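Here the structure is laid out as structure tokens; the discussion comes afterwards.
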Amino acid sequence: MIDEPYTVKNRNADRVLFMEGGRIVADGSPGEILLNPENERTRRFLQLVEQR
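Residue numbering for the sequence shown follows numbering that gives the first Met the number 0, starting at 0 and increasing by one per position.
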């Protein structure tokens, strides 16, 4: 779960979803999504989170 101010929570999750505009655009294990995102929008968002 990511909440304000963009803190990543529940890092022990088995599955991670990334939604944009109410649609799931990325779905997979934390390693797949958080460490090696395929979706460009997901990648940019995670880069912004890391900078904070």
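Ideal Cβ positions, reconstructed from N, Cα and C, are used throughout, including at glycine.
Quick caveat: nothing in here was measured; it's all calculated off a predicted structure.
Using a 10 angstroms sphere on the CB of I23, the tally of other CB atoms stays under 16, which defines it as exposed. Residue environment for L45: buried (at least 16 other C-beta atoms within 10 angstroms of its C-beta).
Within the same chain, Cβ atoms closer than 8 Å to the Cβ of R42 are found at P36, the five residues on either side in sequence being excluded. Going by beta carbons, V48 and I32 fall outside the 7 Å limit. Listed in chain order, the non-local C-beta contacts of R40 below 7 Å within the same chain comprise E19 and V24, local neighbours out to five positions each way being set aside.
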